[in-house]
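If you count the sequence shown from 1, you need to add 1 to reach my numbering.
Heads up, the beta-carbon is just placed ideally off N, CA and C, and yes, glycines get one too.
Quantities reported herein were computed from a predicted structural model and do not represent experimental measurements.
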Amino acid sequence: MLDEVSKHEMMETIRYMTEHFPYRLAGSSCEAAASRYVARRMEEYGLEVKNQEFYTYNSTPMSSRVQVLEPEALELDSLPCAHIRATKPEGEVLELVYVGDGSYDSYRDLDVAGKMVLVEVSYAPPVPEKARIACEMGAAGILCMNWGNDEEVICHRGLKAVWGNPTESNFGSIPDLIGVGITRGAGLKLKEWCLAGRQVKLRVTALADRTWGKVHQPTGILRGNGTSDEFLLVCSHLDAWCPGVTCNATGNATALEICRILSAHRQKLNRDIYFVFWNGHEIAEAAGSTWFVDNYWDLLNKKCVSYMHIDSTGVGEAELFEIKASEELLGLAKRSAQSVLSGRELRAMSLKKIGDQSFMGIGIPSVTQRMSFTKEYMDHAHGATLGWWNHTKEDGLDKCDPDILVADTRATLQVLYSLATEEVLPYDFREKLRQFHAKAETIAQAYQRHMDFSDLLENLTQAETLVNQIQAQKERYTGPAVDLYNDFVKSVSRNITHITMTYADKYSQDSYGYTKLSYPIPLFADLERLDGLAPDSLKYGLLQTQLVKNKNRINDALYQIIHLASLYQQLLGTM
Numbered sequence: 002m003l004d005e006v007s008k009h010e011m012m013e014t015i016r017y018m019t020e021h022f023p024y025r026l027a028g029s030s031c032e033a034a035a036s037r038y039v040a041r042r043m044e045e046y047g048l049e050v051k052n053q054e055f056y057t058y059n060s061t062p063m064s065s066r067v068q069v070l071e072p073e074a075l076e077l078d079s080l081p082c083a084h085i086r087a088t089k090p091e092g093e094v095l096e097l098v099y100v101g102d103g104s105y106d107s108y109r110d111l112d113v114a115g116k117m118v119l120v121e122v123s124y125a126p127p128v129p130e131k132a133r134i135a136c137e138m139g140a141a142g143i144l145c146m147n148w149g150n151d152e153e154v155i156c157h158r159g160l161k162a163v164w165g166n167p168t169e170s171n172f173g174s175i176p177d178l179i180g181v182g183i184t185r186g187a188g189l190k191l192k193e194w195c196l197a198g199r200q201v202k203l204r205v206t207a208l209a210d211r212t213w214g215k216v217h218q219p220t221g222i223l224r225g226n227g228t229s230d231e232f233l234l235v236c237s238h239l240d241a242w243c244p245g246v247t248c249n250a251t252g253n254a255t256a257l258e259i260c261r262i263l264s265a266h267r268q269k270l271n272r273d274i275y276f277v278f279w280n281g282h283e284i285a286e287a288a289g290s291t292w293f294v295d296n297y298w299d300l301l302n303k304k305c306v307s308y309m310h311i312d313s314t315g316v317g318e319a320e321l322f323e324i325k326a327s328e329e330l331l332g333l334a335k336r337s338a339q340s341v342l343s344g345r346e347l348r349a350m351s352l353k354k355i356g357d358q359s360f361m362g363i364g365i366p367s368v369t370q371r372m373s374f375t376k377e378y379m380d381h382a383h384g385a386t387l388g389w390w391n392h393t394k395e396d397g398l399d400k401c402d403p404d405i406l407v408a409d410t411r412a413t414l415q416v417l418y419s420l421a422t423e424e425v426l427p428y429d430f431r432e433k434l435r436q437f438h439a440k441a442e443t444i445a446q447a448y449q450r451h452m453d454f455s456d457l458l459e460n461l462t463q464a465e466t467l468v469n470q471i472q473a474q475k476e477r478y479t480g481p482a483v484d485l486y487n488d489f490v491k492s493v494s495r496n497i498t499h500i501t502m503t504y505a506d507k508y509s510q511d512s513y514g515y516t517k518l519s520y521p522i523p524l525f526a527d528l529e530r531l532d533g534l535a536p537d538s539l540k541y542g543l544l545q546t547q548l549v550k551n552k553n554r555i556n557d558a559l560y561q562i563i564h565l566a567s568l569y570q571q572l573l574g575t576m
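Following this line, the structure appears as structure tokens:
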């Protein structure tokens, strides 16, 4: 199957998509046509296909103008961000304040109320989180200074922050800001003035709409040999800025090529594969994947064993293979890549909640991987992890390397084939539980004066011991015992992920790039704030009460694991 990966087939897909559907933004006529094309391709491969429709809170950026009034008069090239508060046609005059990476710490001792903040998009947090923080700090607008070096390009960006479609409870959390992007060169000049203490005033005009409209999402089911009723979820976002070659026509080509090859060998697949081409990735912030998990919750919870998001494969100038995966699948992903990409340097790490990883609440293990840049390359480009051309008009065919595209596709095909055929699910929770335990012990030692952690540590010890005991015996399971074992490890995943990787509950989504997700255990992110508060103050009491509730949520999930492990241990011991 690896030898069947066709460079010609994939490059033809990329050329066709970018020539016939160059502006595939969600809700556009190009997006609708591209959706029909992808659905037709999957039908040709014999899949059960639906071109699903759903409504999403969308935005179309229209035009912008940035005029510097002080300290010198000049006009800057710009692009409006999506999901912004549009200005009046004549624009608004705003004072500019430089806030570096736009994180909470960067606002210390700064008054930005009613002003526009200048942020560098070269660093974390992601732009939607920068916008959410800026809005929380009272800013009226955000000016996004590009990454890269001296390339005179501007990235298209969205500021929505709320992950997926909003609800009544979080609609008000969408940042209400004027938002504009500018080149890095222009941003460096404004930064220099701000840091020199000179007053910088701008007249900014930015127009974009916010609409509730219909988008399309092609979905195809590849049925395997019927051995199992479990399935894999393999996805790639369809919506893209023009021309969108490496983001994400290459990813679409990889997904379709894997679909083509596996459909010809479906009798070898013990599990079905659902191929979905997400919509609402770029502007609506993971709207398609969130809609899918909301509307297929029960099926996903019971039967889905893994999720693969395929994004930006075949990127030129990439030198090493990067794997981001849930810890329980990291070992499998590394072994698969090493077997296909012999001699390639690997960079493997735990997957965080970003980029359509909408399934962490439900607890579905995930892998995303591709050839990537070295750290030195990305540092030189000031954090441009997908190339300085990403989300710009320069993302053309010359940015795709066909040989790298083949390497990415072969490695992805290998790990998916393993997940679709291995009788015993290849989850390994040892490292995940070890890390969780170590983080909890560190937190308990540092903050024990604020809260009792003894129950949590006891539950963690018991859960870790029982899960490791059952996993240590997996090689001897056969027949019905395999089904029992697979059900058990799926249950562990369903319970452990939402308490280690998210802050929102199992049925909701965190805002995009949410700051608390960067903490070792997100549910304990606010513990450090207690140190600066008087224990008898109202603020301390409110915060400490919520933290105790968060600990109870973790304990409850651990108890479920302990209880299930005890039952499954007895059942498996009788077989």
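Q. Using 8 Å as the Cβ pair cut-off and three pairs as the minimum, do the region 476-489 and the region 348-365 touch?
A. no
Q) Alpha carbon to alpha carbon, what distance is there between Gln446 and Ser264? A) 53 Å
Q) Is Arg450 helix, strand or coil by DSSP? A) coil
Q: Quick one: grab the DSSP three-state call for Gln268.
A: helix
(Q) I'd like the ranges of any beta strand (DSSP E) spanning at least 3 consecutive residues and lying wholly in the region 141-181. (A) 142-146
**Q.** Thr247 versus Arg411: straight-line alpha-carbon distance, rounded
**A.** 17 Å
Q. DSSP three-state call for Gln370: helix, strand or coil?
A. strand
Q | Host beta strand (DSSP E) of Glu5 (start-end) | A | Segment: none, Glu5 is in no beta strand (DSSP E) and carries neither H nor E.
Q: If I'm right that Trp292 touches Asp511 with Cβ under 8 Å, what's the distance once you round it to whole angstroms?
A: 17 Å between Cβ atoms; not a contact.
Q. Which ranges does the alpha helix (DSSP H) cover as unbroken runs of at least 4 residues, wholly within the region 473-507, from first to last along the chain?
A. 481-501
Q: Could you name the residues of the same chain whose beta carbon sits closer than 6 Å to that of Lys376, not counting the 5 residues immediately before and after it, in chain order?
A: none
Q) With DSSP run on the structure shown, which of helix, strand or coil describes Ser359? A) coil
**Q.** Segment limits, alpha helix (DSSP H) that includes Gly332
**A.** 328-341
(Q) So the candidates are Val118, Thr57, Leu531, Glu45; which of them puts its Cα closest to the Cα of Glu258? (A) Glu45
Q: For Gly514, count neighbouring C-beta atoms within 10 Å of its own C-beta (all shown protein chains included) and say buried if the count is 16 or more, exposed if not.
A: buried
Q) I think Gly317 touches Lys400, with their Cβ atoms under 8 Å apart; what is that distance to the nearest whole Å? A) 5 Å
Q | Proximity winner among Asn150, Leu387, Pro129, relative to Gly103 (alpha-carbon distances) | A | Pro129
Q. Does DSSP put Lys353 in a helix, in a strand, or in coil?
A. coil
Q. Hey, out of Ser492, Leu352, Leu347, Val306, whose CA is closest to Ser419's CA?
A. Val306
Q: Rounded to whole angstroms, what's the CA-CA distance from Leu544 to Ala526? Just pull it up for me.
A: 11 Å
(Q) Going by DSSP, what residue range makes up the beta strand (DSSP E) through Met117? (A) 117-121
Q.
With distance defined between alpha-carbon atoms, name the residue in Thr19, Ser567, Arg435, Pro90 nearest to Ala209.
A. Pro90
Q | Residues that DSSP places opposite Asp273 in a beta bridge | A | Phe232
**Q.** Terminal residues of the beta strand (DSSP E) in which Pro306 lies
**A.** The sequence given here has Val at residue 306, not Pro. Taken as a continuous stretch (DSSP letters only), the beta strand (DSSP E) holding Val306 covers 305-310.
Q) DSSP on Ala114, reduced to helix/strand/coil? A) coil
Q: Pick helix, strand or coil for Ala83, following the three-state DSSP scheme.
A: strand
Q. Are Thr251 and Ile15 touching if we call contact CB-CB under 8 Å?
A. yes
Q. What does Ser65 pair with, by DSSP beta-bridge criteria?
A. Ala207
Q) Under a three-way DSSP split, which group does Ile183 fall into? A) strand
Q) On the three-state DSSP scale, how would you describe Leu97? A) strand
Q: Classify Leu97 as buried or exposed, calling it buried when 16 or more other Cβ atoms lie within 10 Å of its own Cβ.
A: buried
**Q.** Nonlocal neighbours in the same chain, by C-beta distance under 6 Å from Tyr24, ignoring five residues either side
**A.** Cys31, Cys243
**Q.** CA-to-CA distance, Lys325 to Gln570, given in whole angstroms
**A.** 31 Å
Q: May I ask which residues mark the beginning and end of the beta strand (DSSP E) holding Ile52?
A: Strictly speaking, residue 52 in this sequence is Asn, with Ile absent from that position. 49-59 is the span of the beta strand (DSSP E), which, as asked, contains Asn52.
Q) From which residue to which residue does the beta strand (DSSP E) around Gly384 run? A) Looking at the DSSP string, Gly384 is not in any beta strand (DSSP E), and its letter there is neither H nor E.
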